[in-house]
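A.B. asks:
Number of protein chains: 2
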Amino acid sequence: IAHYSSVFDLLSPARAWCQAAAQKLPGGIGSKLCDLLPALDGDLKTMTFLQEVVDILLAYITESFDRETKVIDFHYPNELLQRNNWELQDEPETLDDILISCRATLKYAIKTAHPRYFNQLSTGLDMVGLAADWLTSTANTNMFTYEVAPVFVLLEYVTLKKMREIIGWEDGRGDGIFSPGGAISNMYAMLLARFKMFPEVKEKGMSSVPRLAAFTSEHSHFSIKKGAAALGIGTESVICIKADESGKMIPADLERKILEAKQKGFVPFFVSATAGTTVYGAFDPLIAISDICKKYQVWFHVDGAWGGSLIMSRMHKWKLDGVERSVLKLTWNPHKMMAVPLQCSALLVREEGLMQNCNQMHACYLFQQDKHYDLSYDTGDKALQCGRHVDIFKLWLMWRAKGTIGFEAQIDKCLELSEYLYNKIKDREGYEMVFNGKPQHTNVCFWYLPPGMRYMEDKEEKKKRLHKVAPVIKARMMEYGTTMVSYQPQGDKVNFFRMVISNPAATFEDIDFLIEEIERLGQDL
Amino acid sequence: IAHYSSVFDLLSPARAWCQAAAQKLPGGIGSKLCDLLPALDGDLKTMTFLQEVVDILLAYITESFDRETKVIDFHYPNELLQRNNWELQDEPETLDDILISCRATLKYAIKTAHPRYFNQLSTGLDMVGLAADWLTSTANTNMFTYEVAPVFVLLEYVTLKKMREIIGWEDGRGDGIFSPGGAISNMYAMLLARFKMFPEVKEKGMSSVPRLAAFTSEHSHFSIKKGAAALGIGTESVICIKADESGKMIPADLERKILEAKQKGFVPFFVSATAGTTVYGAFDPLIAISDICKKYQVWFHVDGAWGGSLIMSRMHKWKLDGVERSVLKLTWNPHKMMAVPLQCSALLVREEGLMQNCNQMHACYLFQQDKHYDLSYDTGDKALQCGRHVDIFKLWLMWRAKGTIGFEAQIDKCLELSEYLYNKIKDREGYEMVFNGKPQHTNVCFWYLPPGMRYMEDKEEKKKRLHKVAPVIKARMMEYGTTMVSYQPQGDKVNFFRMVISNPAATFEDIDFLIEEIERLGQDL
Numbered sequence: 001i002a003h004y005s006s007v008f009d010l011l012s013p014a015r016a017w018c019q020a021a022a023q024k025l026p027g028g029i030g031s032k033l034c035d036l037l038p039a040l041d042g043d044l045k046t047m048t049f050l051q052e053v054v055d056i057l058l059a060y061i062t063e064s065f066d067r068e069t070k071v072i073d074f075h076y077p078n079e080l081l082q083r084n085n086w087e088l089q090d091e092p093e094t095l096d097d098i099l100i101s102c103r104a105t106l107k108y109a110i111k112t113a114h115p116r117y118f119n120q121l122s123t124g125l126d127m128v129g130l131a132a133d134w135l136t137s138t139a140n141t142n143m144f145t146y147e148v149a150p151v152f153v154l155l156e157y158v159t160l161k162k163m164r165e166i167i168g169w170e171d172g173r174g175d176g177i178f179s180p181g182g183a184i185s186n187m188y189a190m191l192l193a194r195f196k197m198f199p200e201v202k203e204k205g206m207s208s209v210p211r212l213a214a215f216t217s218e219h220s221h222f223s224i225k226k227g228a229a230a231l232g233i234g235t236e237s238v239i240c241i242k243a244d245e246s247g248k249m250i251p252a253d254l255e256r257k258i259l260e261a262k263q264k265g266f267v268p269f270f271v272s273a274t275a276g277t278t279v280y281g282a283f284d285p286l287i288a289i290s291d292i293c294k295k296y297q298v299w300f301h302v303d304g305a306w307g308g309s310l311i312m313s314r315m316h317k318w319k320l321d322g323v324e325r326s327v328l329k330l331t332w333n334p335h336k337m338m339a340v341p342l343q344c345s346a347l348l349v350r351e352e353g354l355m356q357n358c359n360q361m362h363a364c365y366l367f368q369q370d371k372h373y374d375l376s377y378d379t380g381d382k383a384l385q386c387g388r389h390v391d392i393f394k395l396w397l398m399w400r401a402k403g404t405i406g407f408e409a410q411i412d413k414c415l416e417l418s419e420y421l422y423n424k425i426k427d428r429e430g431y432e433m434v435f436n437g438k439p440q441h442t443n444v445c446f447w448y449l450p451p452g453m454r455y456m457e458d459k460e461e462k463k464k465r466l467h468k469v470a471p472v473i474k475a476r477m478m479e480y481g482t483t484m485v486s487y488q489p490q491g492d493k494v495n496f497f498r499m500v501i502s503n504p505a506a507t508f509e510d511i512d513f514l515i516e517e518i519e520r521l522g523q524d525l
Numbered sequence: 001i002a003h004y005s006s007v008f009d010l011l012s013p014a015r016a017w018c019q020a021a022a023q024k025l026p027g028g029i030g031s032k033l034c035d036l037l038p039a040l041d042g043d044l045k046t047m048t049f050l051q052e053v054v055d056i057l058l059a060y061i062t063e064s065f066d067r068e069t070k071v072i073d074f075h076y077p078n079e080l081l082q083r084n085n086w087e088l089q090d091e092p093e094t095l096d097d098i099l100i101s102c103r104a105t106l107k108y109a110i111k112t113a114h115p116r117y118f119n120q121l122s123t124g125l126d127m128v129g130l131a132a133d134w135l136t137s138t139a140n141t142n143m144f145t146y147e148v149a150p151v152f153v154l155l156e157y158v159t160l161k162k163m164r165e166i167i168g169w170e171d172g173r174g175d176g177i178f179s180p181g182g183a184i185s186n187m188y189a190m191l192l193a194r195f196k197m198f199p200e201v202k203e204k205g206m207s208s209v210p211r212l213a214a215f216t217s218e219h220s221h222f223s224i225k226k227g228a229a230a231l232g233i234g235t236e237s238v239i240c241i242k243a244d245e246s247g248k249m250i251p252a253d254l255e256r257k258i259l260e261a262k263q264k265g266f267v268p269f270f271v272s273a274t275a276g277t278t279v280y281g282a283f284d285p286l287i288a289i290s291d292i293c294k295k296y297q298v299w300f301h302v303d304g305a306w307g308g309s310l311i312m313s314r315m316h317k318w319k320l321d322g323v324e325r326s327v328l329k330l331t332w333n334p335h336k337m338m339a340v341p342l343q344c345s346a347l348l349v350r351e352e353g354l355m356q357n358c359n360q361m362h363a364c365y366l367f368q369q370d371k372h373y374d375l376s377y378d379t380g381d382k383a384l385q386c387g388r389h390v391d392i393f394k395l396w397l398m399w400r401a402k403g404t405i406g407f408e409a410q411i412d413k414c415l416e417l418s419e420y421l422y423n424k425i426k427d428r429e430g431y432e433m434v435f436n437g438k439p440q441h442t443n444v445c446f447w448y449l450p451p452g453m454r455y456m457e458d459k460e461e462k463k464k465r466l467h468k469v470a471p472v473i474k475a476r477m478m479e480y481g482t483t484m485v486s487y488q489p490q491g492d493k494v495n496f497f498r499m500v501i502s503n504p505a506a507t508f509e510d511i512d513f514l515i516e517e518i519e520r521l522g523q524d525l
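The listed protein sequences derive, respectively, from chains A and B. Every letter in the first sequence is one number past the one before it in UniProt numbering, and letter 272, counting from 1, is 272. Every letter in the second sequence is one number past the one before it in UniProt numbering, and letter 500, counting from 1, is 500.
See the structure below:
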């Protein structure tokens with residue numbers, strides 16, 4: 001806290017100037033929205049207002065990285081609704097009120113940058129990524145054509161090519177798109193696989209196509225089923241392949257189920273292997289799976305939303321061996337392990353032209369064919385979206401600031417931290433690992449058994465009580481606001497903690513803290 | 001320009017302080033990314049770096065509103081690729097280089113806030129909306145659960161309810177979601193209609209469902225067909241209904257085609273009426289269409305992505321009469337006519353629980369059922385996406401700053417400007433309107449005939465030459481960078497200008513300027 005104040009003392013000249021400027025303005029900063037730009041002579045008031053907002057944000061950022069600050073100031077929904085006036089009114093508020101709303105919003109927000117926030121696969125806040133996102137908001141444009149987003153369209157082109165080179169596709173050739181999240185990227189993948197096998201589906205729909213079957217491991221992300229439901233394929237056509245004890249798809253079961261589906265008259269069209277499952281962080285054996293896909297002529301997709309980034313690490317990329325064989329496409333979310341601000345999800349496609357053929361509708365009012373520049377840069381018609389948010393700049397700018405080696409170091413450090421956690425608890429009293437062996441990703445899955453439960457004889461009763469431990473500890477973490485980590489059941493396994501590390505701010509000490517905190521909050525259970 | 005400098009002279013204390021602070025730091029601002037937060041003692045360098053970025057952004061904003069500035073500094077793709085080093089490298093750059101990249105990116109960006117930028121349906125830059133987007137980036141979280149986005153989830157709840165009240169649904173009851181754009185919102189609508197009629201489609205896919213038919217006007221947005229292709233319905237099942245001369249769907253043709261489809265064995269399930277078509281800005285007759293939908297028990301959707309916002313205007317809301325009858329849902333994009341920064345698109349759904357039933361997959365690792373708060377605020381499982389960007393805060397904060405009456409005034413002003421343009425050119429020499437009568441939205445569609453073409457006898461030759469006029473004028477506009485307006489053909493109508501006004505910065509003088517500019521750039525053609 002002392003440290004934090006001192007920085008803001010240093011920053012105060014900027015704030016002091018703005019306050020002085022504001023006082024000179026008629027009505028001060030607290031006057032009206034209509035005084036801002038584009039109002040005539042609105043510049044000064046606008047700059048002052050935006051600077052005030054930036055000061056609030058800078059204070060929030062410093063605070064977020066301070067371990068003395070709470071990760072969250074938690075309140076139950078009904079309570080939070082009453083703690084502030086959040087209603088929308090007919091009448092405008094003053095700019096002072098707007099600043100108050102900004103402060104209130106951040107007061108109750110979760111500090112996703114906090115070094116002890118481990119709750120999601122996307123954590124942390126990169127300063128260059130943040131700056132890039134501020135710039136993106138200011139540029140406020142749309143990805144559909146080169147005409148309205150010349151630089152961003154080129155940067156998407158440059159970045160996708162680089163990503164394809166890293167995967168190992170020849171000369172970085174292929175296609176791709178940044179989409180609003182991994183679920184949509186996976187849906188695109190399924191859509192492209194179906195179109196590639198049965199192009200008539202675009203015009204004639206599923207009634208022109210035999211009954212399809214898609215395959216994915218029982219540990220895969222729910223977006224595969226969600227996509228199948230949306231695309232009219234149906235969730236029953238998504239066949240779950242058994243995973244081994246550590247969460248990896250069992251290739252022999254895949255082959256068996258492909259044959260079974262064929263026998264039942266289904267046409268197998270799509271296998272989605274997962275590189276980094278959500279709960280265990282398991283990497284499916286891509287080479288063996290791709291061999292089966294080749295044998296049965298099924299399109300091979302890799303959902304690397306969580307684990308795809310490991311390809312940037314010389315130490316860990318072997319876990320993705322075989323990814324270059326993904327004949328069609330790969331989902332890779334830089335907003336997870338690369339800590340790019342939300343959201344930033346890439347779908348990489350091997351075949352040039354496929355996305356365009358699959359999705360284009362030739363809307364002449366948007367994609368005029370008689371424009372004066374090279375139309376191959378008008379990427380809008382290959383997307384499912386019409387308008388598309390600019391998600392590329394933050395990734396591109398971070399890449400420039402870190403270099404490929406910087407991303408590698410960041411990824412390696414997170415994996416090192418998770419190995420530290422694993423080594424710390426694997427033989428510690430009161431802990432049980434959910435699966436044996438060193439985790440492949442940063443996911444460390446474990447049960448914490450409070451002292452009173454450790455020597456219980458009745459296995460069923462013990463299981464029942466253990467199921468309630470993680471939810472209570474988690475609720476207490478949130479109420480104290482000290483740290484946050486996720487939990488869930490899986491199959492017949494009762495609730496366990498799933499620790500994941502993607503936050504570049506986390507250190508060994510934060511891992512130690514997490515363990516101490518679990519024990520402090522759970523010992524009486 | 002003079003005015004612009006003077007503001008920055010005033011702002012310079014802030015900048016000067018930052019520069020001084022930077023010089024005191026070892027290595028200055030131009031040192032390394034790894035000096036920033038979360039590095040120990042990274043606060044000062046971080047604040048200095050972010051302040052430098054903000055200074056760049058503030059300068060860009062002031063410039064964007066300055067009519068003396070170019071809308072775009074246009075370069076052809078290959079040329080732009082060579083004008084700067086955009087490549088991604090292994091090695092990191094310095095923070096000074098990062099600032100240079102930020103400046104370069106903005107130098108070649110399109111100034112979408114510019115008062116003379118009319119190119120898209122989404123134009124302008126609202127200062128409160130921008131501040132809110134900066135805050136959103138800083139909060140860097142995800143909409144799936146209350147746990148990770150408590151305030152934003154509540155604000156989405158409050159705002160959707162307010163929007164439903166404005167539509168006129170009883171007590172604002174219903175559901176909804178902010179999705180990544182109108183195309184995805186429309187796809188959701190079709191997905192929900194199909195599920196509502198045939199819930200078994202979720203599990204069993206389209207093979208369990210009879211051949212479906214969807215109906216939309218020939219002037220509707222291409223996302224209806226795109227959605228049908230993706231959902232496995234097929235574009236041939238989207239039946240185009242004739243529009244009248246002003247672009248409105250002809251209800252009699254809808255009824256005829258519904259009957260025809262039934263006779264052919266199709267099951268009509270979905271009618272998408274458009275409130276504000278993309279090119280003409282036409283409002284389909286919603287009451288007549290809803291009567292037909294009721295008669296034939298077809299789900300009635302309104303695509304109000306462009307025109308839905310007119311419901312906030314007491315003067316213009318009559319154009320949406322009947323929208324309250326949309327039994328299922330409505331697409332409404334505040335990022336268009338309400339000038340909320342991109343992107344911000346709402347889908348409003350009348351029936352509570354429908355989205356949840358249609359899309360939920362019960363992923364226990366994300367939507368734990370034993371959490372300690374009211375789970376109805378965990379909205380993630382009703383979405384197609386898993387992670388979902390926070391699009392709500394900018395709309396909510398702008399609404400607070402303007403009030404409902406502020407949005408109304410902004411919308412009314414844009415419509416007033418378009419009426420001014422219409423009145424100005426409808427009888428002016430060298431202009432021909434594409435359709436007769438006052439436009440219903442801000443779309444003004446017209447041909448400009450250069451003097452040499454006005455009295456051509458050969459109608460076909462004239463048409464052929466006229467087709468090339470708008471593209472050339474547009475290319476010249478971009479090369480001079482003075483203004484930008486869209487053009488396209490429609491049906492058998494050759495290329496015409498489609499002027500749209502959603503930019504709150506535009507004035508009568510800017511409309512005058514546009515006309516002068518078209519004449520200046522086109523007189524020699």
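Every residue gets a Cβ at the ideal spot worked out from N, C-alpha and C, and that includes glycine. Source: prediction; values computed, not measured.
What residues in the region 84-95 of chain A bring their beta carbon closer than 8 Å to a beta carbon of chain B?
C.D. replies: Going along the region 84-95 of chain A in chain order, one finds W86, E87, L88, Q89, D90, E91, P92, E93 and L95 with a Cβ nearer than 8 Å to chain B.
A.B. asks: Does any CB atom of chain A fall closer than 9 Å to the CB of B:L212?
C.D. replies: Yes - at least one Cβ of chain A is within 9 Å of the one on B:L212.
A.B. asks: Could you give the DSSP three-state label for residue 536 of chain A: helix, strand or coil?
C.D. replies: Outside the displayed range of chain A (1 to 525) lies residue 536 of chain A, so it cannot be described from this structure.
A.B. asks: Identify every residue that forms a DSSP beta bridge with B:R217.
C.D. replies: The sequence shown places Ser at residue 217 of chain B, not Arg. BP columns for B:S217 point to B:I241.
A.B. asks: To the nearest angstrom, how far is it from the Cα of A:L135 to the Cα of B:Y60?
C.D. replies: Their backbone Cα atoms lie some 10 Å apart in a straight line.
A.B. asks: Ignore the nearest five residues each way along the sequence and tell me which others in B:P450's own chain have a CB closer than 8 Å to its CB.
C.D. replies: Closer than 8 Å at Cβ, skipping near neighbours: G430, V469, G522, Q523, D524 and L525.
A.B. asks: What distance in whole Å lies between the Cβ atoms of A:V271 and A:C293, which are believed to be in contact at a cut-off of 8 Å?
C.D. replies: Indeed, because the Cβ distance is near 5 Å, the residues count as touching under 8 Å.
A.B. asks: In whole angstroms, what separates the C-alpha of A:L212 from that of B:C240?
C.D. replies: A:L212 and B:C240: Cα-Cα distance of roughly 29 Å.
A.B. asks: Relative to the C-alpha of B:C344, which residue among A:S64, A:T141 and A:L354 is closest?
C.D. replies: Checking every option, the nearest Cα to that of B:C344 belongs to A:T141.
A.B. asks: Please list, in chain order, the chain B residues whose beta carbon lies closer than 7 Å to that of A:N443.
C.D. replies: Here the premise fails: no neighbours, minimum Cβ distance about 11 Å.
A.B. asks: Does B:V267 come within less than 9 Å of chain A when only Cβ atoms are used?
C.D. replies: Not one chain A Cβ lies under 9 Å of B:V267.
A.B. asks: Using a beta-carbon distance below 9 Å, is B:E147 in contact with chain A?
C.D. replies: Yes, its Cβ sits closer than 9 Å to a Cβ of chain A.
A.B. asks: Counting Cβ pairs, one atom from each stretch, are 3 or more of them under 8 Å apart for the region 436-449 of chain A and the region 501-521 of chain A?
C.D. replies: Touching, yes.
A.B. asks: From this set, B:M337, B:R256 and B:E236, which residue's C-alpha is nearest B:A275's C-alpha?
C.D. replies: Residue B:M337 is the option with its Cα nearest to B:A275.
A.B. asks: What's the gap between the Cα of B:G265 and the Cα of B:E460?
C.D. replies: Looking at the two C-alpha atoms, the distance is approximately 42 Å.
A.B. asks: Drop a sphere of 10 angstroms on the beta-carbon of A:R350, count the other beta-carbons inside from all chains shown, and report buried for 16 or more, exposed for fewer.
C.D. replies: Buried, because 16 or more other Cβ atoms sit within 10 Å of the Cβ of A:R350.
A.B. asks: Taking the alpha-carbon positions, what's the B:Y422 to B:M249 distance?
C.D. replies: About 23 Å.
A.B. asks: Let me confirm a value: B:Q385 is counted as buried when at least 16 other C-beta atoms fall within 10 Å, else exposed. Which label applies?
C.D. replies: Looking at its Cβ environment, which holds 16 or more other Cβ atoms inside 10 Å, B:Q385 is buried.
A.B. asks: Indicate whether B:M206 and A:K225 have their beta-carbon atoms separated by less than 9 Å.
C.D. replies: The answer is no: Cβ separation not under 9 Å.
A.B. asks: Can you find a CB in chain B that lies within less than 9 Å of the CB of A:M355?
C.D. replies: False, the Cβ-Cβ gap to chain B never drops below 9 Å.
A.B. asks: For a contact meaning CB atoms closer than 9 Å, what does A:I61 contact in chain B?
C.D. replies: Simply L37, D43, T46, M47, L50 and T138.
A.B. asks: Taking B:D492 as the reference, give the member of B:P180, B:E218 and B:I100 with the closest Cα.
C.D. replies: Here the closest residue by C-alpha is B:E218.
A.B. asks: Could you list which residues in chain A have their beta carbon closer than 9 Å to that of B:Q263, in chain order?
C.D. replies: Here the premise fails: no neighbours, minimum Cβ distance about 18 Å.
A.B. asks: Over the uninterrupted alpha helix (DSSP H) stretch that includes B:V298, give me the two end residues.
C.D. replies: That residue, B:V298, is in no alpha helix (DSSP H); it is neither H nor E in DSSP.
A.B. asks: Please report whether the beta-carbon of B:W134 lies at a distance below 9 Å from any beta-carbon of chain A.
C.D. replies: Yes, because at least one Cβ of chain A sits closer than 9 Å to the Cβ of B:W134.
A.B. asks: Considering just the uninterrupted stretch of the beta strand (DSSP E) at A:K329, what are its terminal residues?
C.D. replies: Run containing A:K329: K329 to W332, per the beta strand (DSSP E) assignment.
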